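Under numbering that gives the first Met the number 0, the residues of the sequence shown are numbered 0 to 193, in order. Here the structure comes first, spelled out in structure tokens, and everything after it is commentary.
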Amino acid sequence: MPAYKERSLTPSEWFRISSEDCHKTILTHDIWSDARNVRDGEMYQEEFCERYCRYFPCRECPHRGTEECSYCDPSCGVGSGSIVCLLRKPPFSRDVCYNSQQCYEKFLKGLIKMYGGEPPWKHDLERLLSELPEDARYRILKEGDLIRCIHDLNNYNTARYHYELSDEEVSICLECAEKILSLLEGIEEFEGIA
């Protein structure tokens, strides 16, 4: 069970988890996008496997990349048992947007905690924003990109359940994750405003 479900977290812990979710969003997007590129013939399967599969047969081969390598085969057989090849079951577009929504949810909960509140067990980003003190809301409202992302991502908590999203929606979700990650990298400044 994640730590944030077991106990009350500090603002720094919320921000760390938010940052991890942002990195997960970016990785999920890269896997999703590259799997589509393999499917469309725009990327070699071997390149995909080398990049993402820790079980890729050549990873430990001392003759890797030479003619002497006897088992360089992109059809690595990963996919049986408990290991599933990412090309056989890539992440869905909705996973990118769900993880991006999670970045913002945990970021806002960290801000609520930083300002002395207790984050509610809610996923609605606009509701979480309204839980912040007025001066903190004002500072966020000045950041037009953050407000746009909060609005755009608000309903993606349910995205993991049913449907695929357009490429445009996925791009927006990725951009939002990158924006909040950039902000989190300079969080010391942000923590100084509390």
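Positions of the beta carbon are idealized from the N, C-alpha and C atoms, including for glycine. All of these numbers come straight from a predicted model, not from anything done at the bench.
Meets three-Cβ-pair contact criterion under 8 Å: the segment 172-189 and the segment 14-34:
yes
Looking at VAL95 and THR27, is the spacing between their C-beta atoms short of 8 Å?
yes
Consult DSSP for LEU164 and reduce its assignment to one of helix, strand or coil.
coil
Identify whether MET113 lies in helix, strand or coil by the three-state DSSP scheme.
helix
Excluding five sequence neighbours on each side, which residues of the same chain lie with their C-beta closer than 7 Å to the C-beta of LEU107?
LEU124, LEU127, LEU128
Where do the N-terminal and C-terminal ends of the alpha helix (DSSP H) with LYS141 fall, by residue?
133-141
Please state the DSSP three-state secondary structure of LYS108.
helix
LYS112 versus TYR51: straight-line alpha-carbon distance, rounded
36 Å
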